[in-house]
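Trainee: These protein sequence lines are chains H and C, in that order.
Going by this note's numbering, 10 is the number at position 10 of the first sequence; the sequence numbering is gapless.
Going by this note's numbering, 306 is the number at position 89 of the second sequence; the sequence numbering is gapless.
Glycine included, each C-beta is placed from N, C-alpha and C at the ideal position.
Everything numeric in this text was worked out from a predicted model, so none of it was measured.
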Amino acid sequence: MKVDVLENILSVNEKLAEENRELFDKKKIFVINLMASPGAGKTSFILKTIAGIKDKFKVAVIEGDVASQVDAEKIKAHGIPSVQINTGGACHLEANMIKNALKHLDLDNVDVLVIENVGNLVCPADFKLGEDLKVLILSIPEGDDKPLKYPLMFAETDVLILNKIDLLELSDFDQDRVKDVTYKLNPDLKTFKLSCKSDQGIKEWVDWLIGRIDEAI
Amino acid sequence: MHELGITENIISIVLKHGEKEDAKKITKITLKIGELTQVVGDCIQFYFDQLSKDTIAENAELVIEYVPIKVRCADCGSEKEASNYDFTCPSCGAICTEFTAGREFLVDDIEVE
């Protein structure tokens, strides 16, 4: 006897992501899901972003790593509330992990929540967390072929940050190649070129982000 | 990727529906998997064989229907199957931004005794 099921296999995560979303809407919190390879500059980028927006908005950070407290401690050292999730082997964050981490934050005093996902260009693309904005960092030393190799991530993200732009002279990175490929995957993609070391391009990113947050909350 | 966790979810879903029907055995499970999900069917079969042991889903035939990525052009309305992540509209050359198929990821139906 045939029985219709028609049930989404990832429905559990999607349902939890929606619950997170409802909580964020209720508390008027703008949420960023930040993704990139290990070493692309996620934590440095978060620190630069916070420096640019903290006079206007109260920020908190959820850090996701397989192990260690390294990143959360870096954030806390700047006086920003931070919760570290250790996934113990999982290569991406999921909505239930975020739901649990939120219990450790005073959400009535948060305007912007940055979630630093586990360093990975593959898996985070599949798992919604309840975010407003997906931001993907690609750093110059990683090479210009990453959009071809990891198309889903580049197709799904809202913003692409080309980081370590100060290293362009030392590399063969072809910006036009990235532009062409990402346009074909994601014509609405917003791209910012910057360096967390030299501060080049940071202001443009921060100004745009402030505008986006103001619209949302 | 994550086929182990995914297979655990599949088994949980089919057992739930099987139990609702008072099934003694689940003989067939049909999955619809869109190409955009990047899920590998062979891995699901492998984990399914392990995880279904001692359940009513043990030895069920696992049928995976892959759904190709289909896109629609917002400019001229043309649709096409987008192989190799090529979303260029065949009629007007714009980039198709609407996915009309390829994101499916569900247990479609089961057959029970």
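Identify the contact partners of C/Q255 in chain H, using a Cβ-Cβ distance below 7 Å as the criterion.
Mentor: Here residue 255 of chain C is taken as the residue at index 38 of the second sequence, counted from 1. Chain H residues near C/Q255: L152.
Trainee: Distance cutoff 8 Å, beta carbons only. Does H/C196 sit that close to anything in chain C?
Mentor: Within the first sequence, residue 196 of chain H is the residue found at index 196, counting from 1. False, the Cβ-Cβ gap to chain C never drops below 8 Å.
Trainee: For a cutoff of 8 Å on Cβ pairs, would you count C/Y302 as touching chain H?
Mentor: Numbered from 1 along the second sequence, position 85 holds the residue referred to as residue 302 of chain C. Answer yes: the Cβ-Cβ gap between C/Y302 and chain H drops below 8 Å somewhere.
Trainee: Under the rule that 16 or more other beta-carbon atoms within 10 Å means buried, what is H/A67, buried or exposed?
Mentor: Counted from its first residue, the first sequence places residue 67 of chain H at position 67. H/A67 is exposed by the Cβ-count criterion.
Trainee: At what residues does the beta strand (DSSP E) containing H/E7 begin and finish?
Mentor: The sequence position of residue 7 of chain H within the first sequence is 7, counting from 1. Unbroken beta strand (DSSP E) run through H/E7: 2 to 8.
Trainee: Tell me, please, whether the CB atom of H/K2 is closer than 8 Å to any CB atom in chain A?
Mentor: Chain labels in this structure do not include chain A; the protein chains are H and C.
Trainee: Pull the bridge partners of H/T49 from the DSSP assignment, please.
Mentor: Within the first sequence, numbered from 1, the residue matching residue 49 of chain H stands at position 49. The partner list for H/T49 (beta bridge, DSSP) is empty, contrary to what the question assumes.
Trainee: Pull out every residue of the stretch 4 to 24 of chain H whose Cβ sits closer than 7 Å to any Cβ of chain C, in chain order.
Mentor: Flagged, chain order: D4, V5, L6, E7, N8, I9, L10, V12.
Trainee: For H/A72, which residues in the same chain have their Cβ closer than 6 Å to its Cβ, ignoring the five residues on either side in sequence?
Mentor: As a working mapping, residue 72 of chain H is identified with position 72 in the first sequence. Result list for H/A72: E63, S82, Q84, in chain order.
Trainee: Keeping to the same chain, check which residues put their C-beta closer than 7 Å to that of H/C196; ignore five residues upstream and five downstream.
Mentor: To locate residue 196 of chain H, count along the first sequence from 1; it is residue 196. G41, S44, F45, K48, N163.
Trainee: Can you list, in chain order, the residues of its chain with a C-beta nearer than 7 Å to that of H/K193? Leave out the 5 residues immediately preceding and following it.
Mentor: The sequence position of residue 193 of chain H within the first sequence is 193, counting from 1. The residues are L162, I165, G201.
Trainee: Look at the Cβ atom of H/K27, then the Cβ atom of H/D108, and state whether they are nearer than 8 Å.
Mentor: Along the first sequence, one-based indexing puts residue 27 of chain H at 27. Along the first sequence, one-based indexing puts residue 108 of chain H at 108. Result yes, Cβ atoms of H/K27 and H/D108 sit closer than 8 Å.
Trainee: Just reading off the alpha helix (DSSP H) that C/E299 is part of, what are its end residues?
Mentor: On the second sequence, position 82 is the one that residue 299 of chain C refers to. The sequence shown places Ala at residue 299 of chain C, rather than the Glu named in the question. It is not in any alpha helix (DSSP H) - C/A299 carries neither H nor E in the DSSP assignment.
Trainee: Is the CB of C/F322 under 8 Å away from at least one CB in chain H?
Mentor: Here the question's residue 322 of chain C lines up with position 105 in the second sequence. Yes, its Cβ sits closer than 8 Å to a Cβ of chain H.
Trainee: Should C/T305 be flagged as near chain H, meaning a C-beta pair shorter than 8 Å?
Mentor: Taking the second sequence and counting its residues from 1, the one referred to as residue 305 of chain C is at position 88. Judged by the 8 Å Cβ criterion, C/T305 is in contact with chain H.
Trainee: Per DSSP, what are the beta-bridge partners of C/E238 in this structure?
Mentor: For this step, residue 238 of chain C is matched to residue 21 along the second sequence. According to DSSP, C/E238 bridges with nothing at all.
Trainee: Taking one C-beta from the stretch 245 to 265 of chain C and one from the stretch 30 to 41 of chain H each time, how about it: are there three or more such pairs within less than 8 Å?
Mentor: No, they do not touch.
Trainee: Is it buried or exposed for C/C306, if we count other Cβ within 10 angstroms and need 16 for buried?
Mentor: On the second sequence, residue 306 of chain C is found 89 positions in, with the first residue counted as 1. When all chains shown are included, C/C306 counts as buried.
Trainee: Can the beta-carbon of C/I165 be found closer than 8 Å to that of C/T224?
Mentor: Beyond the ends of chain C as shown, which are 218 and 330, falls residue 165 of chain C; an answer cannot be given.
Trainee: With distances taken between CB atoms, is the gap from H/D144 to H/V112 smaller than 8 Å?
Mentor: Here the question's residue 144 of chain H lines up with position 144 in the first sequence. Here the question's residue 112 of chain H lines up with position 112 in the first sequence. Result no, Cβ atoms of H/D144 and H/V112 do not sit closer than 8 Å.
Trainee: Is it the case that the Cβ atoms of C/K287 and C/T317 are separated by a distance below 8 Å?
Mentor: Working through the second sequence from its first residue, we reach residue 287 of chain C at position 70. Working through the second sequence from its first residue, we reach residue 317 of chain C at position 100. Result yes, Cβ atoms of C/K287 and C/T317 sit closer than 8 Å.
Trainee: Check C/F265 in the structure and name its three-state DSSP category.
Mentor: In the second sequence, counting from the first residue as 1, residue 265 of chain C sits at position 48. Helix.
Trainee: Quick one: which chain C residues come within Cβ less than 9 Å of H/L185?
Mentor: Position 185 of the first sequence, counting from 1, holds the residue named residue 185 of chain H. Those are Y302, F304, I312, listed as they occur along chain C.
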